[in-house]
Amino acid sequence: MGSLLPPPRRFTRAWALALGIPFLLVLAALTLTPSRVEHTMPNLLDVILGMAHRLGWASLDFTRLEILANILVFIPVGILAFVLLPRRVWPLALLVGPALSLAIETVQHLALPHRAATLTDVLANSTGAVFGVALAVMCTLLFAPRASPRPPSRLETP
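Numbering (full-length UniProt numbering), first residue to last: 1 to 158.
Take a look at the structure:
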């Protein structure tokens, strides 16, 4: 399978780290602090729900918005895992998101009593991460440069 999935360029890995580290720090701030997002940004959530309702998505409520947000937030986790892991073990990228989500929810349950640690969050986060890996695999298959085969030897036989 290694020939189907060429390794990322150093430039790609450097960008993944440059963008991924701040992203993971923000993710930690969002998930591992005592205050919930709906308490720190209630106006933003009201604006998002209001816009969705005006656009015809009347069934969107806070619970569905939270699930959708969890899926979207973990897509980059899957992409980062795929880009940063060596290609020979790329399927492990499928486990990074669920493991990270389970760790976050466990910390919330054990150390942050004001946070709600739920199986729904783990499932939504895992879905987003797996989708991120699938997206990265598809982009790699479609757009990554292929190693060109070695040119034939130009030695002439007598």
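Idealized CB from N, CA, C, for every residue including glycine.
What I want to know is whether the C-beta of Ser35 ends up closer than 7 Å to one or more non-hydrogen atoms of the ligand MN. No copy of the ligand MN appears in this structure; indeed no ligand is present at all.
Could you give the first and the last residue of the continuous alpha helix (DSSP H) run that contains Asp121? In the DSSP assignment, Asp121 falls within the alpha helix (DSSP H) that extends over Leu119 to Phe143.
Range of the contiguous alpha helix (DSSP H) that encloses Arg87: Counting along the chain, Arg87 falls outside any alpha helix (DSSP H), and DSSP gives it neither H nor E.
Spatial neighbours of Ala144 in its chain, beta-carbon cut-off 7 Å, leaving aside the 5 residues before and after: Closer than 7 Å at the Cβ level, and outside the excluded window around Ala144, lie Pro6.
Helix, strand or coil for Trp15 per DSSP? helix
Once you ignore the five residues that flank Ala81 on each side, which residues in its own chain have a CB closer than 6 Å to its CB? Ala93 and Val96
Would you tell me roughly how many angstroms separate the C-alpha atoms of Thr127 and Ile71, rounded to the nearest one? 6 Å
According to the neighbour-count rule (16 or more other Cβ atoms, all chains shown, within 10 Å of its Cβ), is Val133 buried or exposed? buried
For a test of the three-state rule: what should DSSP assign to Ser101, helix, strand or coil? helix
Distance check for Leu141 and Leu84, CA to CA, integer angstroms please. Each residue's Cα considered, the two are about 16 Å apart.
Going straight from the alpha carbon of Thr33 to that of Leu100, what length do you get? 16 Å
Where Met138 and Arg10 are concerned, what is the direct C-alpha to C-alpha distance, given to the nearest angstrom? 19 Å
Whole angstroms is fine: what's the gap from Ala129's alpha carbon to Ala16's? 15 Å
Among Ala14, Leu4, Arg13 and Thr120, whose alpha-carbon lies nearest the alpha-carbon of Leu68? Thr120
My understanding is that Leu49 touches Leu60, with C-beta atoms under 8 Å, so please give their C-beta distance in whole angstroms. 6 Å
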